[in-house]
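S.K.:
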Amino acid sequence: MDWQAITQRIEVAVAPHIGTGKVADYIPALARVDPCKFGMAIVLGDGTMVTLGDSHEPFSIQSISKVFTLSMALRHYDEKVWDRVGREPSGSAFNSIVQLENEKGIPRNPLINAGAIVVTDMLVAQGGSAAFEAELMARFHRLSGDDSISVDEEVAESESATGSRNRALAHFMAAFGNMANPVEESLQAYFRQCAVRMSCRQLARAALFLAFDGCDPINRERLVSRENCRRINAVMMSCGHYDNSGDFAYRIGLPGKSGVGGGILCIAPGHGAIAVWSPGLNASGTSMVGAIALEELVEATGWSVFV
Ligand code: GLN
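For the sequence shown, the working numbering begins at 10 and goes up steadily by one.
(1) So, at 7 Å on beta carbons, what are the nonlocal neighbours of residue 169 in its own chain, with the 5 sequence-adjacent residues on each side left out?
(2) With distances taken Cα to Cα, identify the nearest neighbour of residue 13 among 56, 61 and 48.
(3) Whose beta carbon lies closer than 6 Å to any heavy atom of the ligand GLN, going through the chain in order?
(4) Give me whichever residues DSSP pairs with residue 16 in a beta bridge.
(5) If you draw a straight line from the C-alpha of residue 280 to the C-alpha of residue 300, how long is it?
(6) Looking only at its own chain, which residues have a Cβ that is under 7 Å from the Cβ of residue 219, when we skip the five neighbours before and after it?
(7) So, under 8 Å CB-CB, residue 31 and residue 287 are touching, yes? Tell me the CB distance rounded to an integer number of Å.
(8) So residue 49 is in the beta strand (DSSP E); what residue range does that whole segment cover?
(9) Verify whether the separation of the beta carbon atoms of residue 24 and residue 305 is less than 8 Å.
(10) Here's the rule: buried if 16 or more other CB atoms are within 10 angstroms of the residue's CB, otherwise exposed. What is residue 65?
(11) Look at residue 221 and residue 148 and say whether their C-beta atoms are less than 8 Å apart.
(12) Cα-Cα, which of 97, 285 and 128 is closest to residue 298?
(13) For residue 224, which beta-bridge partners are listed by DSSP?
(14) Note down the Cα distance separating residue 271 from residue 290, rounded to an integer number of angstroms.
(15) Using only alpha-carbon positions, find the residue among 58, 51 and 68 that is nearest to residue 40.
(16) Check each candidate in 178, 268 and 303 and name the one with the smallest Cα separation from residue 71.
(17) Closest to residue 85 by C-alpha separation, out of 233, 223 and 162, would be which residue?
(18) Out of 83, 227 and 203, which has the shortest C-alpha to C-alpha gap to residue 132?
(19) Kindly identify the DSSP beta-bridge partner or partners of residue 277.
(20) For residue 202, count the other beta carbons within 10 Å of its own beta carbon; 16 or more makes it buried, fewer makes it exposed. Which is it?
(21) How far does the beta strand (DSSP E) with residue 61 in it reach, from first residue to last?
(22) To the nearest angstrom, report how far apart residue 44 and residue 292 are at their CA atoms.
(23) By a C-beta neighbour count over all protein chains shown, 10 Å radius and 16 as the cutoff for buried, is residue 142 buried or exposed?
(24) From which residue to which residue does the beta strand (DSSP E) around residue 267 run?
(25) Got a sec, what are the start and stop residues for the alpha helix (DSSP H) residue 128 sits in?
(26) Identify which residue in 112, 116, 38 and 50 has its Cα closest to the Cα of residue 248.
(27) Suppose contacts are defined by Cβ-Cβ distances below 8 Å. Is residue 225 in contact with residue 152 by that definition?
(28) With 16 other CB atoms within 10 Å as the buried threshold, where does residue 216 fall?
(29) Measuring alpha carbon to alpha carbon, tell me which of 261, 106 and 294 ends up nearest residue 177.
(30) Run through DSSP, which three-state label would residue 10 get?
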């Protein structure tokens, strides 16, 4: 693979679009980020790291955290996860409440907010929110080889201060008996996982196990079973971008997860993991420039799972 030619091609493709889209402003601490930032990191199975732009700059991972908590929950609870959350695309916005009533408090999938709150609730039920956060951070530190990865306290507070909508989702699910802990405890854990700051390099490295059947190809640690790895990728493909998931599959053809901080994590099974960051979002909360960069990458590499 001629990575120099590929990175140049991506740079040329994104250049006219840098700064487009809308930076998330419903969480005040996110609104201050420079809309012209662009970074990308591609990590291959042998540890080769190909980078572009601001690939070392930490940003708020937001909903990308949901992929990591899902993998933790599947490891601990396996099939039982699906008693409390579905695995169908929602076709709705990330914070939508409308389907929850008909579905009796069972969220459509683990990658919308309601579903991710339930997943975090399961993990908190194991040993409390402090133990949950310690396990999540230890995973990030171990896989990325960087102990400085941490929760951005200002973003976490900002999430909580503006979290009425997420509180509504959680209390609504509690009314159906689908929350195991005091609602506020699980919510705080969820706000904090969203507020983790990581760079594209760290994020791609931390997710590499998802491209290699659940086992990190470099340190050989198994994080999820082969079956559950396949399932996580399937859920990312069908649900990773909310009501934009179909369009993302059409354009890019890889399992992916967006975050309103402007990050996208993408998995190229058997090849590597990719993280891209550019804060301007489309109407569904997916990074505009990030998606263009990924389109260009799959075009150049032939990595789409649909070939
Ligand atoms: N923390 C955000 C929220 O819960 C995450 C949303 C997102 O990244 N799509 O609203």
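Ideal placement from N, C-alpha and C gives every residue a C-beta, glycine not left out.
M.R.: So, from the data block:
(1) 197 and 200
(2) 61
(3) 71, 72, 103, 104, 122, 168, 175, 203, 268, 269 and 294
(4) Bridge partners of residue 16: none, in fact.
(5) 19 Å
(6) 238, 241, 242, 276 and 282
(7) The Cβ separation is near 12 Å, so there is no contact.
(8) Annotation: the continuous beta strand (DSSP E) that includes residue 49 extends over 48-53.
(9) no
(10) exposed
(11) no
(12) 285
(13) 231
(14) 6 Å
(15) 68
(16) 268
(17) 233
(18) 83
(19) As DSSP reads the structure, residue 277 sits in a beta bridge with 281.
(20) It is buried - the Cβ of residue 202 has at least 16 other Cβ atoms within 10 Å.
(21) 58-62
(22) 16 Å
(23) Residue 142 is buried by the Cβ-count criterion.
(24) 265-267
(25) 122-136
(26) Scanning 112, 116, 38 and 50 for the CA closest to the CA of residue 248 turns up 116.
(27) yes
(28) Around the Cβ of residue 216, a 10 Å sphere holds 16 or more other Cβ atoms; the residue is buried.
(29) 106
(30) coil
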